[in-house]
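Below you'll find the structure, written out as structure tokens, and then a few comments.
Number of protein chains: 2
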Amino acid sequence: MAATDKALAGLRQMIASGELGPGAKFPPEPELCDHLGVSRSSLREAVRSLGALGVIESRHGSGTYVSALDPAAIIGRFSLSVELIPLEGVLELLEVRRVLEAHATAAAAARQDPELAARLGAVLDQLESTTDATEIQHLDAEFHGLICAAGGNPTVTALTDVIRGRGGHYRIFEPGADFDAIKQTSDRGHRAILAAITTRDPAAAATAASAHIAQTELWLRALRPDPQPALP
Amino acid sequence: MAATDKALAGLRQMIASGELGPGAKFPPEPELCDHLGVSRSSLREAVRSLGALGVIESRHGSGTYVSALDPAAIIGRFSLSVELIPLEGVLELLEVRRVLEAHATAAAAARQDPELAARLGAVLDQLESTTDATEIQHLDAEFHGLICAAGGNPTVTALTDVIRGRGGHYRIFEPGADFDAIKQTSDRGHRAILAAITTRDPAAAATAASAHIAQTELWLRALRPDPQPALP
DNA sequence: TGACCAGAAGTGGTCTGAGGACTTACGCTT
DNA sequence: AAGCGTAAGTCCTCAGACCACTTCTGGTCA
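Chains F and H, in that order, give the protein sequences. For what it's worth, the numbering used here labels the leading residue of the first sequence as 7, then goes sequentially. For what it's worth, the numbering used here labels the leading residue of the second sequence as 7, then goes sequentially.
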């Protein structure tokens, strides 16, 4: 087995065996090298690998630690790779978002939380009064994010956040001939979702969310050929 | 900005800008070091990071390449981290699987594919005639995997695969007092799913799949306190 | 002419050693 | 008791050397 792979397996084993739980500190690098039988270079490459996956965190001057192993945080690491996926793959991901967000929106509607409806309404008021693409994207993310969070499953929220972030690189709301029509359709979709949440109708909420995201999928398909995504 | 982060950003930018598409080859390491202004160690750590995320592949003696950037393959990389998530987080993930797999199962039922039903029936025949925990797990994965694949979205299949793989580390089917009852309930759940697919009833398929996975969630909850997962 | 094989060039993989940068904790001073 | 400087601990970066694997090239042999 290659040196880096050996180190990788050793580090994972230390976590999986329960020897080191969430937040625990690893021994210093020289000690780990000795324990795993690899050089410092190989060990560090293995640590970087697990760091990229959100399993390990290295803190300069302090030490190397097991992360919280929180599913939402780990899924958040997806954004580093998902942001590089071409449009073709983004459409597959959007189907995932559509299904998950319909579920979360229904769950949010089932809860009796008048404050949520009030906050969503405030966001939509802002959203409907702006034509700035960046602000639209930001407010749209806040609207959907609030709903998903109210759905009660942070993992679902993290997944939909990552996918929404990728889709956001494609600028649907560029000034152009269709801008007004697209904006109006989008605004109506948001109001339909809010109405279902306000009236506590989970089935209607799921349908409205699903339809809204399906509409986004259609707009994205129209954007082919694949434009270049903008990295943050 | 730290050296490794600088290299990481540079590599991602080369992909995001379209300079290097899926499958493209990076310049040799010394050239990249010069271009990015970092040492070879730092560059290699950055390459390992993107390698762990499934964005880059290094082939010994050949070169470093951009991966296919296929969403299913990228999601598959997450098994490395998901396998380390504690039970508490696995339950959140199972809700994701339940929702996605209900969707995929409905899609599979909507398709008119007699061959799928035949293959599923064969798998269930084997599954019902064994009591070996490892074989049960394997056949269960094949059953659900075939259905998800028939659903038509490889990304959904990859996600459910990863989550199912994590859940499989918890041995529900250990020989014990409840073994027979659990096995029978599980078998009945599978038959209900197959029946819905055979009769091409998407709604029934979604319900059956959702109920089946919800049952798994209940069994897992009963397993607390968290047992140690077994790495492959 | 074709297939096969050996060598050379190109490239990533690993190790070692050194010095720098940051965090943390200790002990001193006020 | 609070604040601060110092020292120890730890990770970060660089440089150079050598090894292992892949790929291509050229020659040899059937």
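A virtual CB, placed ideally from N, CA and C, is assigned to each residue, including glycine. Fair warning: this is a prediction, and the values are worked out from it, not measured in the lab.
Output the boundary residues of the alpha helix (DSSP H) element that contains residue i.
i: Val-69 of chain H; result: Before going on, a small fix: residue 69 of chain H reads as Gly here, not Val. Here Gly-69 of chain H belongs to no alpha helix (DSSP H); instead the beta strand (DSSP E) covers 69-72.
i: Met-20 of chain H; result: 9-22
i: Lys-189 of chain F; result: 185-204
i: Ile-178 of chain F; result: No alpha helix (DSSP H) contains Ile-178 of chain F, which DSSP labels as neither H nor E.
i: Gln-221 of chain F; result: 208-227
i: Arg-54 of chain F; result: 46-58
i: Gln-143 of chain F; result: 139-157
i: Gly-127 of chain F; result: 120-134
i: Gly-82 of chain H; result: 77-82
i: Pro-36 of chain F; result: 35-42
i: Gly-29 of chain H; result: Neither: Gly-29 of chain H is in no alpha helix (DSSP H) and is coded neither H nor E.
i: Leu-90 of chain H; result: Leu-90 of chain H -> no alpha helix (DSSP H), and no H or E assigned at all.
Using the C-alpha atoms, what's the distance from residue j back to residue i?
i: Val-162 of chain F; j: Pro-77 of chain F; result: 10 Å
i: Ala-46 of chain F; j: Arg-65 of chain H; result: The sequence shown places Arg at residue 46 of chain F, rather than the Ala named in the question. Cα to Cα, the separation comes out at about 21 Å.
i: Glu-35 of chain F; j: Leu-49 of chain F; result: 8 Å
i: Lys-189 of chain F; j: His-196 of chain F; result: 11 Å
i: Ile-80 of chain F; j: Val-88 of chain H; result: 8 Å
i: Pro-238 of chain F; j: Ala-115 of chain H; result: Note that Pro-238 of chain F has pLDDT 49, beneath the 50 cutoff, so the model's placement of it is unreliable and the number below is only indicative. Looking at the two C-alpha atoms, the distance is approximately 41 Å.
i: Thr-222 of chain F; j: Leu-59 of chain F; result: 29 Å
i: Asn-159 of chain F; j: Ala-215 of chain F; result: 17 Å
i: Val-102 of chain F; j: Glu-101 of chain H; result: 13 Å
i: Asp-167 of chain H; j: Arg-104 of chain H; result: 12 Å
i: Ala-164 of chain H; j: Ala-110 of chain H; result: 12 Å
i: Ser-55 of chain H; j: Thr-205 of chain F; result: 47 Å
i: Ala-220 of chain F; j: Glu-98 of chain H; result: 25 Å
i: Leu-226 of chain F; j: Arg-194 of chain F; result: 18 Å
i: Lys-12 of chain H; j: Gly-127 of chain H; result: 54 Å
i: Phe-32 of chain H; j: Ala-52 of chain F; result: 21 Å
i: Ala-212 of chain H; j: Ile-91 of chain H; result: 27 Å
i: Ala-9 of chain H; j: Arg-170 of chain H; result: 38 Å
i: Ala-209 of chain F; j: Arg-117 of chain F; result: 13 Å
i: Leu-93 of chain H; j: Ser-23 of chain F; result: 14 Å
i: Leu-75 of chain F; j: Val-61 of chain F; result: 6 Å
i: Tyr-71 of chain F; j: Arg-172 of chain F; result: 29 Å
For a contact defined as C-beta to C-beta under 7 Å, what are the partners of residue i on chain F?
i: Arg-6 of chain H; result: An answer regarding residue 6 of chain H cannot be provided, because it is not within the stretch 7 to 238 covered by chain H.
i: Arg-194 of chain H; result: Those within 7 Å of Arg-194 of chain H in chain F number zero; the least Cβ separation is about 25 Å.
i: His-150 of chain H; result: None at all; the shortest Cβ gap to chain F is about 16 Å.
What residue range is occupied by the uninterrupted beta strand (DSSP E) comprising residue i?
i: Glu-63 of chain H; result: 62-65
Using 10 angstroms around the beta-carbon of residue i, count the other beta-carbons present and answer buried if the total reaches 16, otherwise exposed.
i: Leu-122 of chain F; result: buried
i: Gly-43 of chain F; result: exposed
i: Arg-229 of chain F; result: It should be noted that the sequence gives Leu, not Arg, for residue 229 of chain F. With fewer than 16 other Cβ atoms within 10 Å, it is exposed.
i: Asp-138 of chain H; result: exposed
i: Gly-69 of chain F; result: exposed
i: Asp-146 of chain H; result: buried
i: Asp-232 of chain H; result: A caution first: Asp-232 of chain H carries a pLDDT of 49, below 50, which makes its placement in the model too unreliable to give a value.
i: Ala-113 of chain H; result: buried
i: Ala-124 of chain F; result: exposed
i: Leu-17 of chain H; result: buried
i: Ala-202 of chain H; result: buried
i: Ala-156 of chain H; result: buried
i: Leu-224 of chain H; result: exposed
i: Ser-135 of chain F; result: exposed
How would you list, in chain order, the residues of chain H whose beta-carbon sits under 7 Å from the beta-carbon of residue i?
i: Asp-76 of chain F; result: Gly-95
i: Ser-47 of chain F; result: Ser-47
i: His-109 of chain F; result: Val-105
i: Arg-117 of chain F; result: Within chain H, no residue comes near Arg-117 of chain F; the closest Cβ sits about 16 Å away, beyond 7 Å.
i: Arg-54 of chain F; result: Glu-51, Arg-54, Ser-55
Counting only Cβ pairs nearer than 8 Å, list the residues of chain F close to residue i.
i: Glu-134 of chain H; result: Neighbours of Glu-134 of chain H on chain F: none; closest Cβ ~30 Å, over 8 Å.
i: Leu-90 of chain H; result: Arg-18, Ile-21, Ala-22, Val-61, Leu-75
i: Gly-174 of chain H; result: Near Gly-174 of chain H there are no residues of chain F at all, since even the closest Cβ is about 14 Å away, more than 8 Å.
By the criterion of Cβ-Cβ separation under 9 Å, what are the contact partners of residue i in chain F?
i: Glu-98 of chain H; result: Pro-77, Ala-78, Asn-159, Pro-160, Thr-161, Val-162
i: Gly-60 of chain H; result: Ser-87
Between residue i and the ligand PLP, is the CB less than 6 Å from at least one heavy atom?
i: Thr-204 of chain H; result: Looking at this structure, you won't find the ligand PLP or any other ligand, since it has none at all.
Could you tell me which chain H residues have their CB closer than 9 Å to the CB of residue i, listed as they occur along the chain?
i: Leu-165 of chain F; result: Val-102, Leu-165
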